[in-house]
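Chains as they are written, first to last, in the UniProt record's numbering: chain A, 1 to 337; chain B, 1 to 337; chain C, 1 to 337. Backbone N, C-alpha and C define an ideal beta-carbon position, used for all residues, glycine too. Predicted model, so just to flag it, every value in this text is computed and none were measured.
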């Protein structure tokens with residue numbers, strides 16, 4: 001992929017070398033995100049952070065990533081007040097808004113809308129989530145986290161063993177992750193879900209065609225026994241016919257420290273796209289895992305900053321200039337990370 | 001007008017030389033808006049972008065214009081959460097908020113409120129729209145666009161021929177534009193509207209007194225035959241007694257490529273304050289005009305950035321320092337404009 | 001107190017020397033807030049301005065203070081769209097959001113929530129108000145204003161004489177101020193309120209234990225006769241059993257120019273946490289005081305900028321570098337303050 005000037009709309013755009021390019025740039029963003037150094041490579045650039053659907057943390061993560069490169073952020077949140085609501089076409093909206101910034105992140109509740117917007121935009125557009133369709137930066141940060149976590153124990157994305165647990169039917173996150181994993185070799189995927197919430201058949205087929213080993217099961221314990229990563233997701237009660245049925249599954253897929261100790265290998269890493277539900281009856285990852293050093297859920301969200309910085313740096317073609325515009329941080333950062 | 005430190009509340013403040021001064025500064029903003037160069041002339045300055053009524057594009061346009069000069073933006077959107085709602089006077093609100101920034105843009109639903117706010121403010125206030133009253137930056141960007149478009153064919157604001165089409169009774173935009181055009185010589189104005197939506201008498205009188213030639217008509221085709229500019233506006237169905245009546249007028253004032261080809265001169269420029277309605281039954285400018293090089297509606301909104309940059313530069317008295325604080329852009333901008 | 005890296009959650013953290021340290025730093029912020037000079041000491045730093053409850057002026061004041069030190073601001077306003085609403089714990093929210101910025105200001109409707117958030121945050125958190133609990137920057141700016149105002153007439157916080165007027169029972173502001181005043185010597189406090197809205201007993205006791213002289217009364221005129229400061233607060237009608245009862249008290253505690261002239265000493269300073277009610281039936285400070293040079297309510301809100309700049313500078317440990325990162329302002333500022 002030619003990143004400079006491109007829209008980032010779907011993980012389908014990414015070949016293995018593209019993913020590796022993003023990750024290589026993300027690796028170099030660490031000192032800036034961790035405040036060991038400061039870069040002003042995008043000083044004077046403007047991000048249009050256009051959230052036509054609210055998503056506080058995705059919005060703030062993109063905005064902070066742009067600030068960390070030295071750029072400015074203009075934002076909008078919500079839908080009702082926009083011209084779209086008055087009958088304006090996405091074409092017109094895109095033509096107008098793309099005159100106000102150097103790059104746009106757009107989130108929109110309607111599937112496909114971000115692509116339509118991008119087609120009329122005069123500046124690169126990054127998809128910040130369009131309904132149930134795509135959220136490519138989330139998929140990339142998940143995979144980047146997997147890569148970083150297993151690397152700490154000498155592992156690689158090739159030969160990765162991963163269990164995905166929970167609602168695999170409706171979860172946009174796990175769908176995208178499966179597609180990205182298909183770019184790598186000898187990956188072993190354990191899909192753990194209630195029967196009603198199985199991974200869609202076409203995605204399973206795509207993985208098998210790509211050479212991955214895929215197992216499906218509704219048994220948590222055996223599925224997490226031989227994996228590098230457990231990727232947990234929320235059981236969404238609204239999908240079930242009754243509370244009782246939902247609660248049945250919930251009990252079985254709940255991971256806590258004693259389940260972990262009893263069934264997982266010592267270095268198995270725990271991930272989750274967040275938010276996780278902290279209400280007693282609805283937990284999928286218990287708080288008693290918070291001190292487990294293999295709980296990677298907050299490293300995962302921190303990695304979102306690195307991956308989003310990398311995407312901005314690539315589409316604006318400054319990835320190789322980041323360090324040359326850098327300097328030391330002059331404020332207190334001790335104990336920060 | 002002495003711009004430095006002044007409020008910009010109404011186009012009635014502007015004499016011809018003032019308009020020309022704004023346009024001369026706006027002309028010099030092109031390289032910055034188009035990202036050929038970068039200026040930091042307002043580095044460290046703060047804009048209070050105070051929108052007590054939502055207007056996404058006006059808000060983002062002002063904010064981006066300020067960022068393009070190197071300044072920072074603090075914003076507020078919406079009304080319900082403010083102290084005004086708790087019984088605070090505009091005087092107090094203005095005194096408080098004007099301590100937080102170097103210049104304020106204020107939009108407010110109540111006519112005259114921005115002027116009242118400005119009277120108590122300790123920093124310059126730009127009117128971003130106060131109800132049906134004034135929206136001076138919109139009027140200036142419209143006129144600036146006319147000037148730029150006709151200049152491409154050797155035309156001038158003096159001797160301009162313009163048709164204004166649609167709802168001329170309630171449209172704040174066309175009222176302001178008429179007043180600004182009265183500052184120029186030998187202007188010919190064709191007003192095309194349904195009888196019920198004619199331009200208010202006093203504005204027609206004001207133009208005639210100022211020496212303009214004014215024609216009124218409800219026939220689109222003959223009125224757009226001999227003009228430099230067609231300025232189209234929305235027919236607002238809520239003003240009519242019935243849907244059927246609204247639809248009657250709509251059909252007559254709808255401009256599309258075949259009407260344009262049949263009736264307009266080759267270089268006639270099409271403008272619109274946007275948003276235009278893209279719903280089938282409500283269109284005033286068809287999508288088939290999108291490839292017509294004389295469709296200036298997106299150049300018009302782009303010009304909003306130039307004019308707003310010029311207004312900020314003038315009231316903060318940095319218009320002559322913009323270039324000396326400038327440098328090259330270091331990110332990818334190819335194919336942007 | 002060790003400021004660098006600390007959370008600022010409660011005025012209970014502050015000893016007298018800490019208050020004096022904040023004030024000494026705030027004193028040095030004047031030239032920057034008044035735009036005589038510009039500092040970029042926090043250039044590249046990011047504030048997470050997290051308002052889970054709306055408060056326009058507190059939010060903008062914190063944001064502008066951070067901008068005035070050269071930093072960037074990422075914001076969120078409102079609650080409904082956040083992950084907290086989906087059952088996420090404050091612990092998770094704090095861990096995630098604290099990866100996006102260098103310091104966080106948090107406002108939240110629930111008492112104690114900001115402290116809980118801070119406990120999990122990886123960066124310093126400033127309490128921007130947590131329900132009826134604490135709003136420490138407001139208390140500090142009030143005390144800083146008192147110090148500055150009485151200093152103009154040779155006075156000090158030691159030996160201060162102050163009257164607090166209005167709703168002393170529910171007002172978070174006056175409670176905090178009383179606690180801070182307890183750090184100083186020989187302070188004389190006159191509490192003026194309806195019987196039903198008296199200062200809570202424990203706060204009165206705390207002041208007396210600390211050696212302050214405390215008088216309680218429901219007579220405005222005699223209580224404001226011999227004081228340096230009159231600190232007025234809103235009578236909140238919703239606390240009363242009937243409109244009529246509220247109106248009874250209102251009439252008695254209303255301060256206007258003629259009451260001031262008849263009863264106050266010439267240099268008595270008038271303060272109010274704002275907003276003050278401008279509706280005829282509900283006023284506590286009349287508009288005819290606006291020209292009284294001792295009306296300090298707008299100097300008070302301006303001081304909020306200085307105190308918040310000082311808090312940021314202290315927790316990020318740049319208080320001693322502010323001047324060395326400074327330069328002259330290049331835009332028009334004449335007549336600003």
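Residue i (DSSP reduced to helix, strand or coil)
i: residue 48 of chain A; result: strand
i: residue 230 of chain C; result: strand
i: residue 127 of chain A; result: strand
i: residue 149 of chain B; result: helix
i: residue 207 of chain C; result: helix
i: residue 268 of chain A; result: coil
i: residue 11 of chain B; result: helix
i: residue 285 of chain A; result: strand
i: residue 350 of chain A; result: Here chain A has residues from 1 to 337 only, and residue 350 of chain A is not among them.
i: residue 182 of chain C; result: coil
i: residue 172 of chain C; result: helix
i: residue 308 of chain C; result: helix
i: residue 327 of chain C; result: strand
i: residue 316 of chain A; result: coil
i: residue 59 of chain A; result: helix
i: residue 157 of chain B; result: coil
C-alpha distance - residue i paired with residue j, whole-angstrom precision
i: residue 249 of chain C; j: residue 267 of chain C; result: 26 Å
i: residue 65 of chain A; j: residue 131 of chain A; result: 23 Å
i: residue 290 of chain B; j: residue 56 of chain C; result: 41 Å
i: residue 44 of chain B; j: residue 19 of chain A; result: 38 Å
i: residue 399 of chain B; j: residue 308 of chain B; result: Nothing can be reported for residue 399 of chain B: it is not among the residues displayed for chain B, which extend from 1 to 337.
i: residue 283 of chain A; j: residue 276 of chain A; result: 7 Å
i: residue 58 of chain B; j: residue 128 of chain B; result: 7 Å
i: residue 30 of chain A; j: residue 41 of chain C; result: 22 Å
i: residue 88 of chain C; j: residue 9 of chain C; result: 22 Å
i: residue 23 of chain C; j: residue 7 of chain C; result: 18 Å
i: residue 137 of chain B; j: residue 304 of chain B; result: 8 Å
i: residue 187 of chain C; j: residue 162 of chain C; result: 8 Å
i: residue 124 of chain A; j: residue 60 of chain A; result: 19 Å
i: residue 295 of chain A; j: residue 269 of chain A; result: 6 Å
i: residue 142 of chain A; j: residue 190 of chain A; result: 17 Å
i: residue 113 of chain B; j: residue 140 of chain B; result: 21 Å
Proximal residues to residue i (C-beta, below 8 Å), its chain only, five neighbours per side dropped
i: residue 169 of chain A; result: 193, 196, 197, 198, 199, 200 and 239
i: residue 145 of chain C; result: 271, 296, 299, 300 and 303
Cβ-based neighbour list, residue i, same chain, cut-off 7 Å, excluding 5 preceding and 5 following
i: residue 182 of chain B; result: 206, 207, 210 and 212
i: residue 256 of chain A; result: 286, 288 and 289
i: residue 274 of chain B; result: 297 and 301
In DSSP terms, what residue i is bridged to
i: residue 164 of chain A; result: A:191 and A:231
i: residue 215 of chain C; result: C:190
i: residue 106 of chain B; result: B:50 and B:127
i: residue 73 of chain C; result: C:47
i: residue 388 of chain B; result: No information on residue 388 of chain B is available, as it lies outside the stretch 1 to 337 that chain B covers here.
i: residue 295 of chain C; result: C:270
i: residue 17 of chain B; result: According to DSSP, which records beta bridges pairwise, residue 17 of chain B is partnered with nothing at all.
i: residue 38 of chain B; result: B:327
Close Cβ partners of residue i (< 6 Å) along its chain, the five nearest in sequence each way excluded
i: residue 63 of chain B; result: 49 and 73
i: residue 167 of chain B; result: 197, 233, 235 and 236
At a Cβ cut of 7 Å, what residues of the region 295-325 of chain A count as close to chain B, listed as they run along the chain?
316, 317, 318 and 321
Going along the region 253-282 of chain C in order, which residues come within less than 8 Å of chain B, judged by CB to CB distance?
274, 275, 276, 277, 278, 279 and 282
Please identify, using Cβ separations under 8 Å, the residues of the region 154-166 of chain B that lie next to chain C, in order along the chain.
So the list is empty, because no residue satisfies the distance condition.
At a CB distance below 9 Å, what residues from the region 96-120 of chain C approach chain B? Give them in sequence order.
Residues of the region 96-120 of chain C with a C-beta less than 9 Å from any C-beta of chain B: none at all.
Anything in the region 3-31 of chain B with a Cβ closer than 7 Å to a Cβ of chain C? List those residues in chain order, please.
4 and 5
What residues in the region 37-51 of chain A have a beta carbon less than 9 Å from any beta carbon of chain B?
41, 42, 43, 44, 45, 46, 48 and 50
Which residues, taken in chain order from the region 226-250 of chain A, show a beta carbon closer than 7 Å to some beta carbon of chain B?
none
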